[in-house]
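Structure record follows, encoded as structure tokens.
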Amino acid sequence: MSELKIQPGGGRTAFEPGEELAGTASWKLDKPPQSVELRLFWFTRGQGEADAGVVETVRFEHALAEEARPFRFRLPDGPYSFSGKVISLVWALELVAQPSKETGRREIILAPGGKEVRLGSLPEPPVKKRLFPWGRR
Amino acid sequence: MGIGGKLFLTLFGLVFLGAGLLVGWVILRDAAGGLQTWSWRKTACEITASAVRQEDQGGQQKGDFTFDVKYRYTYGGQEFSSGQYKRNPETSEDYSKIARLTERYPAGSSAVCYVDASAPSRAVLVRYNLFSLLLVLFPVPFAGFGVWAIYYSWFRKSAGNMAAQPISDRAYPPQRLWIAVLFFSVFLLIGSAGFYGLFLRPALRVLSAKSWPAVPCVVISSEVKSHSGRHGSTYSVNISYTYEIKAREFKSNTYDFMGGSSSGYEGKQAVVAGYSRGTKTVCYVNPDDPTDVVLERGFTPAMWFGLIPLVFVIVGAVGLVFTLRHRRPGLMVGGAAAAGWAHGAGTAVAAPAFSSSGRAERLALKPAMSPWGMLFGVLFICLFWNGIVSVFVFQAVNSWRYGHPEWALTLFMIPFVVIGLAMIGGVFYWLLALLNPRPHLIVTPGAVPLGGILQVQWNFTGRAGVLQNLRLRLEGREEAASRGDNSNTVTSIFANLEIANATTPREMRSGEARVTIPAGLVPSLAGAHNKIIWAIQVHGQIARGPDVKEEFPVTVLPAAPAARPTL
Chain A
1 MSELKIQPGG
11 GRTAFEPGEE
21 LAGTASWKLD
31 KPPQSVELRL
41 FWFTRGQGEA
51 DAGVVETVRF
61 EHALAEEARP
71 FRFRLPDGPY
81 SFSGKVISLV
91 WALELVAQPS
101 KETGRREIIL
111 APGGKEVRLG
121 SLPEPPVKKR
131 LFPWGRR
Chain B
138 MGIGGKLFLT
148 LFGLVFLGAG
158 LLVGWVILRD
168 AAGGLQTWSW
178 RKTACEITAS
188 AVRQEDQGGQ
198 QKGDFTFDVK
208 YRYTYGGQEF
218 SSGQYKRNPE
228 TSEDYSKIAR
238 LTERYPAGSS
248 AVCYVDASAP
258 SRAVLVRYNL
268 FSLLLVLFPV
278 PFAGFGVWAI
288 YYSWFRKSAG
298 NMAAQPISDR
308 AYPPQRLWIA
318 VLFFSVFLLI
328 GSAGFYGLFL
338 RPALRVLSAK
348 SWPAVPCVVI
358 SSEVKSHSGR
368 HGSTYSVNIS
378 YTYEIKAREF
388 KSNTYDFMGG
398 SSSGYEGKQA
408 VVAGYSRGTK
418 TVCYVNPDDP
428 TDVVLERGFT
438 PAMWFGLIPL
448 VFVIVGAVGL
458 VFTLRHRRPG
468 LMVGGAAAAG
478 WAHGAGTAVA
488 APAFSSSGRA
498 ERLALKPAMS
508 PWGMLFGVLF
518 ICLFWNGIVS
528 VFVFQAVNSW
538 RYGHPEWALT
548 LFMIPFVVIG
558 LAMIGGVFYW
568 LLALLNPRPH
578 LIVTPGAVPL
588 GGILQVQWNF
598 TGRAGVLQNL
608 RLRLEGREEA
618 ASRGDNSNTV
628 TSIFANLEIA
638 NATTPREMRS
648 GEARVTIPAG
658 LVPSLAGAHN
668 KIIWAIQVHG
678 QIARGPDVKE
688 EFPVTVLPAA
698 PAARPTL
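Chains A and B are the protein sequences, given in the same order. With the first letter of the first sequence counted as 1, position 7 gets the number 7 in this note's numbering; the numbers rise by one all the way through. Position in the second sequence (first residue = 1) + 137 = this note's numbering.
What follows is the structure in structure tokens.
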């Protein structure tokens, strides 16, 4: 049974924009992979088709079947982790073995104060609807 | 997708796949037989008979004209004769077209024919036209769509399959640009071919015939020819006449350069009435080809129908340009590149973000969609919709005109026609909107951080005096586009900040206001399907005419470090 794990330093999962994120990536695979990639990325969940953006990738070459490697990222200024009525944006680290694509993932929060921004929903501004908009008011 | 949906889509796909394969098989079978003629031996032959024959139709000679040719040749020391011009008989409604072949292969002349070495009694004068192979491409989109529909219904990656893949792989989505390019290319090609065949070619012939000499000719028969079809009859002018060139008599039935048949009977009857049997008139003969002749060398009203394919040309061309120019842009995330960091080689760039104007002190905003843009957008959709609907409406109208009303088609078309009329109304609405005063906005700074202050200056050009009230507000909203079974865009407004509410003419014409961006929200985000949009909404009320309603997107950056709340 393969296992890929990401362990941020100090067990933290919430970060400020621009902060440094360091930790350890470890894996235990059935056979040695060609390489293992650690990706810092965000993705969306919600009512729309998913978007994703990889911000930085660290490639571990000459990887053994079982190994642990340290990593260090400088987190970007944005986008923030947020949860809205239509979209949620989630930051994560993903460890991907190549070419098998076996994957381990850890979600994190990247937002001011280390707190996911929650977006409310306001009503649409009222618009006077007229059948003939150029008619007499 | 449920099993019912899958079965429906599969059946739908099978219809397209079946039709594509059937048509493809017929074309390929014909092509395979035709290509064999290219392996046949080139042989000298002598034309023994050459004439135009009219096919019998119900015991009367009223059918199409056929090239009736006989030739003899010697192969392997043995003499053979054949009557095949091509693999398939050459027939035409146009007498002149067949007469031209009799001129090219007169009796007693020598020619080249191609003999099947394995069966020397088989020969043709003309081999298979290799350009006909292009016809094989015609059913490919139909069969391809059928395969795609079946594959999509059964083998599309389910959510479970997607979950097994790395989520970060979604940062590299496959570009399906080719589907749109193929779709619009088909429109462009079909429209271009139709436009050339139905308008351009006849129009060029009309222009060319202006210099052809007039020659006396005598009408030998005239009638309105009826062509029975699945949806009733169509009619054509069929006037046969003779004329002399260099003491030799020729015959033709070419009335105008448009040819073909259409639904109106009375108009054709009126033409035929002017050319009763024995009428002496003039026809116009191509000085380079005595069989190329026409009675009416000018533009005829029917030729204007040849402009209809231009709708398809416009839709195809605009669609292609739009598709290729608006390929999926790089993702923009407020603040990323503006903050100035770069990514190492080999990593996906999540945020090419803003241009150098990102932190510009002053920035003239561009509207999300100008009235011209809206007009062309609505016009494009209107032409696309009504272009297709008009084909069926034309058929429904004709069914009523000629006493075979198609009730089902007529009732079915009503909602489509109503939508088409609404679109035409939309075109007029946006035409009127072009007369509106135009707002111009300048913001300082050009990209504002969360918690920052945005200064907004506005002024109107044009008839600003017609404005009754002007509101400017800053809106922040989520916007998500979905594809698949229910393709739509969902929005949710999370911020709505009043910038100005002007009522006096002077205030409305130009003014200035400030708005503070709340710190606890999110910066701009422009994903392919998911967006955080910050925009200034300008709404100017107008008494008699469309209101001014324009949206000016602004860039909101992540909070400056000092403005961020502390842990």
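We put the CB at the ideal spot given by N, CA and C, even for glycine.
For B:Ile-287, the enclosing alpha helix (DSSP H) stretches over residues 277-292. The alpha-carbon separation between A:Gly-120 and B:Ile-525 amounts to approximately 43 Å. Within the same chain, Cβ atoms closer than 8 Å to the Cβ of B:Trp-291 are found at Lys-143, Thr-147, the five residues on either side in sequence being excluded. Partner residues in the beta bridge of A:Thr-44, as assigned by DSSP, are A:Leu-89. Around B:Phe-517, the same chain offers Val-455 as residues with beta carbons nearer than 6 Å, after the five sequence neighbours per side are excluded.
For the segment 592-651 of chain B, the full-length alpha helix (DSSP H) segments reaching 4 residues or more read 642-646 along the chain. Exclusion of the five residues before and after B:Val-261 leaves Thr-174, Trp-177, Ser-219, Gln-221, Tyr-222, Lys-223, Arg-224, Cys-250, Tyr-251 as the residues of its chain whose Cβ lies within less than 8 Å of its Cβ. Annotation: A:Ser-81 to A:Ala-14 spans about 10 Å, alpha carbon to alpha carbon. Rounded to whole angstroms, the Cβ separation of A:Ala-25 and A:Ile-6 is 5 Å, and the two are in contact under 8 Å.
B:Ala-672 is the residue among B:Gly-677, B:Arg-681, B:Ala-672, B:Pro-698 whose C-alpha sits nearest the C-alpha of B:Glu-688.
In the three-state reduction of the DSSP assignment, B:Gln-191 falls in the strand class. The closest CA to that of A:Gly-11, considering only A:Leu-122, A:Ile-108, A:Pro-99, A:Pro-123, is found on A:Ile-108. At a C-beta separation below 9 Å, B:Ile-654 has no neighbours in chain A, since its nearest C-beta there lies roughly 13 Å away. With distances taken between CA atoms, B:Gly-397 lies nearest to B:Asp-231 out of B:Asp-231, B:Ala-639, B:Val-189.
Taking C-alpha positions only, B:Ser-399 is separated from B:Lys-362 by approximately 11 Å.
Under the three-pair Cβ rule at 8 Å, the segment 591-598 of chain B does not count as touching the segment 28-39 of chain A.
Assigned with DSSP and collapsed to three states, B:Ala-410 falls in helix. Leaving aside the five residues that flank B:Arg-538 on each side, the residues in its chain whose CB is nearer than 8 Å to its CB run, in chain order, Ser-400. B:Gln-215 carries a strand assignment under DSSP once its states are collapsed to helix, strand and coil. Judged by DSSP secondary structure, B:Ser-389 falls within the beta strand (DSSP E) whose first and last residues are 385-389. Around the beta carbon of A:Glu-56, 16 or more other beta carbons sit within 10 angstroms, so the residue counts as buried. Around the beta carbon of A:Gln-47, a 10 Å sphere encloses 16 or more other beta carbons of the protein chains shown; the residue is thus reported as buried. In the DSSP assignment, B:Trp-567 falls within the unbroken alpha helix (DSSP H) covering 544-570. Considering only beta carbons, the part of the segment 106-126 of chain A lying closer than 8 Å to chain B consists of Pro-112, Gly-113, Gly-114, Val-117, Leu-119, Gly-120, Ser-121, Leu-122, Pro-123, Glu-124, Pro-125, in chain order. Exclusion of the five residues before and after B:Phe-153 leaves Phe-279, Phe-282, Gly-283 as the residues of its chain whose Cβ lies within less than 6 Å of its Cβ.
Where B:Leu-146 is concerned, the enclosing alpha helix (DSSP H) starts and stops at 140-173. Distance from the CA of B:Pro-427 to the CA of B:Ala-407, rounded to the nearest whole angstrom, comes to 28 Å. One alpha carbon belongs to B:Tyr-333, the other to B:Tyr-265, and they sit about 24 Å apart. B:Trp-522 carries a helical assignment under DSSP once its states are collapsed to helix, strand and coil. Within 7 Å of the CB of A:Lys-101, the CB atoms of chain B belong to Gln-302, Pro-303, in sequence order along the chain. Rounded to the nearest angstrom, the Cβ distance from B:Leu-658 to A:Val-117 is 7 Å, consistent with a contact under 8 Å.
Those residues of the segment 30-49 of chain A placed with their C-beta closer than 8 Å to a C-beta in chain B are Arg-39, Phe-41, Trp-42, Phe-43, Thr-44, Gly-46, Gln-47, Gly-48, Glu-49, ordered along the chain. Contact of A:Pro-8 with chain B by beta-carbon distance below 9 Å is absent, the smallest such distance being about 16 Å. For B:Leu-325, the enclosing alpha helix (DSSP H) has its first and last residue at 314-332. In the structure shown, B:Ser-507 falls within a coil segment according to DSSP collapsed to helix, strand and coil.
By the 16-neighbour rule on beta-carbons within 10 angstroms, B:Thr-391 is buried.
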